[in-house]
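Engineer:
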Amino acid sequence: GEDVEQSLFLSVREGDSSVINCTYTDSSYTYLYWYKQEPGAGLQLLTYIFSNMDMKQDQRLTVLLNKKDKHLSLRIADTQTGDSAIYFCAERSTSGGYNKLIFGAGTRLAVHP
Amino acid sequence: DTAVSQTPKYLVTQMGNDKSIKCEQNLGHDTMYWYKQDSKKFLKIMFSYNNKELIINETVPNRFSPKSPDKAHLNLHINSLELGDSAVYFCASRRAGGTTDTQYFGPGTRLTVL
Numbered sequence: 001g002e003d004v005e006q007s008l009f010l011s012v013r014e015g016d017s018s019v020i021n022c023t024y025t026d027s028s029y030t031y032l033y034w035y036k037q038e039p040g041a042g043l044q045l046l047t048y049i050f051s052n053m054d055m056k057q058d059q060r061l062t063v064l065l066n067k068k069d070k071h072l073s074l075r076i077a078d079t080q081t082g083d084s085a086i087y088f089c090a091e092r093s094t095s096g097g098y099n100k101l102i103f104g105a106g107t108r109l110a111v112h113p
Numbered sequence: 001d002t003a004v005s006q007t008p009k010y011l012v013t014q015m016g017n018d019k020s021i022k023c024e025q026n027l028g029h030d031t032m033y034w035y036k037q038d039s040k041k042f043l044k045i046m047f048s049y050n051n052k053e054l055i056i057n058e059t060v061p062n063r064f065s066p067k068s069p070d071k072a073h074l075n076l077h078i079n080s081l082e083l084g085d086s087a088v089y090f091c092a093s094r095r096a097g098g099t100t101d102t103q104y105f106g107p108g109t110r111l112t113v114l
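Order-wise, the sequence lines are chains A and B. Counted from 1, the first sequence has number 87 at position 87 by the numbering used here; the numbering is strictly sequential. Counted from 1, the second sequence has number 93 at position 93 by the numbering used here; the numbering is strictly sequential.
1. Looking only at C-alpha atoms, which of A:Arg-13, A:Leu-8, A:Leu-109 and A:Thr-62 sits nearest to Leu-72 (chain A)?
2. Using a Cβ-Cβ cut-off of 6 Å (strictly less than) and excluding sequence neighbours within five positions of Phe-9 (chain A), which residues of its own chain qualify?
3. Establish whether the CB of Leu-43 (chain B) and some CB of chain A are separated by less than 9 Å.
4. For Gln-14 (chain B) and Asp-3 (chain A), I'd like the C-alpha separation in whole angstroms.
5. Rounded to whole angstroms, what's the CA-CA distance from Asn-99 (chain A) to Ser-93 (chain A)? Just pull it up for me.
6. On the criterion of 16 or more Cβ atoms from any shown chain inside 10 Å, does Ser-18 (chain A) qualify as buried, or is it exposed?
7. I'd like to know if Asp-18 (chain B) contacts chain A, where contact means its C-beta is closer than 9 Å to some C-beta of that chain.
8. Pair every Cβ in the stretch 69 to 81 of chain B with every Cβ in the stretch 16 to 28 of chain B, then say whether three or more of these pairs are closer than 8 Å.
9. Under the assumption that Arg-60 (chain A) contacts Ala-77 (chain A) (Cβ atoms under 8 Å), give the Cβ distance between them as a whole number of angstroms.
10. Is the Cβ-Cβ distance between Pro-8 (chain B) and Thr-109 (chain B) less than 9 Å?
11. Would you give the residue range spanned by the beta strand (DSSP E) that Lys-36 (chain A) belongs to?
12. Taking 9 Å as the CB-CB limit, is Asp-85 (chain B) close to chain A?
13. Please return the same chain residues whose Cβ sits closer than 8 Å to the Cβ of Gln-103 (chain B), not counting the five positions on each side in sequence.
14. Between Val-60 (chain B) and the rest of its own chain, which residues show a CB-CB distance below 8 Å, the 5 nearest in sequence each way excluded?
15. State the beta-bridge partners of Ser-20 (chain B) as determined by DSSP.
16. Measure the Cβ-Cβ separation of Gln-25 (chain B) and Ala-3 (chain B) and say whether it is below 9 Å.
17. Please confirm if Leu-109 (chain A) has its CB atom under 9 Å from at least one CB of chain B.
18. Taking the beta carbon of Gly-42 (chain A) as the centre, do at least 16 other beta carbons fall within 10 Å, making it buried, or is it exposed?
19. Counting C-beta neighbours from all protein chains within 10 Å, is the total for Asn-75 (chain B) 16 or more, i.e. buried, or is it exposed?
20. Under the assumption that Lys-41 (chain B) contacts Ala-105 (chain A) (Cβ atoms under 8 Å), give the Cβ distance between them as a whole number of angstroms.
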């Protein structure tokens with residue numbers, strides 16, 4: 001079945017780059033997403049990539065996709081304290097003919113001065 | 001001009017009670033979802049409706065009954081609440097056939113069963 005895995009914690013110093021990693025199992029063409037959840041808040045879509053792309057950049061965010069290894073990463077440049085949150089990797093699944101998101105367990109990013 | 005809204009934001013209730021959570025989206029989307037986030041922050045889909053029709057039911061106990069009166073609304077009714085139902089419930093919506101296939105989430109409803 002489909003599965004999405006992420007490391008659970010990452011701690012970085014303010015100003016450094018953060019790299020959050022994710023692996024997925026779906027072998028079909030699909031969309032992959034990064035969502036951010038701040039404490040007590042909902043899920044905010046950060047960015048997405050289609051599986052025929054290798055990279056996508058959006059301001060401080062860079063998404064890298066290694067299709068062969070089914071590995072996705074989110075790099076946040078110049079990490080700020082406001083970036084402290086849980087980051088969810090999600091894969092679009094179309095099994096059964098219907099669209100749903102399969103989420104990883106979330107990576108808790110802590111940014112310290 | 002909130003895109004996906006949920007009410008209430010917090011819900012505290014006793015075991016055995018029946019409660020409802022409401023969701024509305026003003027994005028003109030066709031498909032709506034309910035997800036459950038447990039205490040370890042793990043998110044899992046529960047239901048999906050497309051144009052008021054149930055299309056996904058992920059082995060959720062039949063104490064949970066979604067209802068979609070129209071395309072813009074998807075409510076979740078829970079009977080005989082149990083301690084294990086305590087979680088944050090997120091509603092999401094998506095435009096079928098959209099190019100990015102993106103789901104937009106509501107702010108969540110934190111349900112606490114005592």
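Every residue, glycine too, gets a C-beta built ideally from N, C-alpha and C. Computed from a predicted structure; not experimentally measured.
Structural biologist: Taking the geometry as given:
1. On the first sequence, residue 72 (chain A) is found 72 positions in, with the first residue counted as 1. For Leu-72 (chain A), the nearest C-alpha among the options comes from A:Thr-62.
2. Against the first sequence, residue 9 (chain A) aligns to sequence position 9. Same-chain partners within the cutoff: Arg-108.
3. As a working note, residue 43 (chain B) is residue 43 in the second sequence. Yes, its Cβ sits closer than 9 Å to a Cβ of chain A.
4. One-based indexing of the second sequence puts residue 14 (chain B) at position 14. One-based indexing of the first sequence puts residue 3 (chain A) at position 3. Cα to Cα, Gln-14 (chain B) sits roughly 35 Å from Asp-3 (chain A).
5. Position 99 of the first sequence, counting from 1, holds the residue named residue 99 (chain A). Position 93 of the first sequence, counting from 1, holds the residue named residue 93 (chain A). Going by the C-alpha atoms only, they are around 6 Å apart.
6. Looking up residue 18 (chain A) in the first sequence gives position 18. Classification for Ser-18 (chain A): buried.
7. Reading the second sequence from its first residue, position 18 is the one you call residue 18 (chain B). Not closer than 9 Å to any Cβ of chain A, the Cβ of Asp-18 (chain B) fails to qualify, so no.
8. yes
9. Position 60 of the first sequence, counted from the start, is the residue given in the question as residue 60 (chain A). Position 77 of the first sequence, counted from the start, is the residue given in the question as residue 77 (chain A). Indeed, because the Cβ distance is near 5 Å, the residues count as touching under 8 Å.
10. Taking the second sequence and counting its residues from 1, one reaches residue 8 (chain B) at position 8. Taking the second sequence and counting its residues from 1, one reaches residue 109 (chain B) at position 109. Yes, these two residues count as a Cβ contact at 9 Å.
11. For the purposes of this step, residue 36 (chain A) is taken as the residue at position 36 of the first sequence. Taken as a continuous stretch (DSSP letters only), the beta strand (DSSP E) holding Lys-36 (chain A) covers 31 to 37.
12. Here residue 85 (chain B) refers to the residue found at position 85 when the second sequence is read from its first residue. Closer than 9 Å: no.
13. The residue given as residue 103 (chain B) occupies position 103 in the second sequence. The residues are Tyr-33, Ala-92, Ser-93 and Arg-94.
14. The residue labelled residue 60 (chain B) in the question sits at position 60 within the second sequence. Once the five neighbours on either side are set aside, the close Cβ partners of Val-60 (chain B) are Met-46 and Phe-47.
15. As a position in the second sequence, residue 20 (chain B) is number 20, starting the count at 1. Beta-bridge pairing links Ser-20 (chain B) to B:His-77.
16. For the purposes of this step, residue 25 (chain B) is identified with residue 25 of the second sequence, where counting begins at 1. For the purposes of this step, residue 3 (chain B) is identified with residue 3 of the second sequence, where counting begins at 1. The answer is yes: Cβ separation under 9 Å.
17. Start at 1 with the first residue of the first sequence, and residue 109 (chain A) comes out as number 109. No, because no Cβ of chain B sits closer than 9 Å to the Cβ of Leu-109 (chain A).
18. By 1-based counting over the first sequence, the position of residue 42 (chain A) is 42. Buried is the call here.
19. As a first step, residue 75 (chain B) is located in the second sequence; it is residue number 75 there, counting from the start. Looking at its Cβ environment, which holds 16 or more other Cβ atoms inside 10 Å, Asn-75 (chain B) is buried.
20. In the second sequence, counting from the first residue as 1, residue 41 (chain B) sits at position 41. In the first sequence, counting from the first residue as 1, residue 105 (chain A) sits at position 105. Between Ala-105 (chain A) and Lys-41 (chain B) the Cβ distance is about 7 Å, and since that is below 8 Å, they are a contact.
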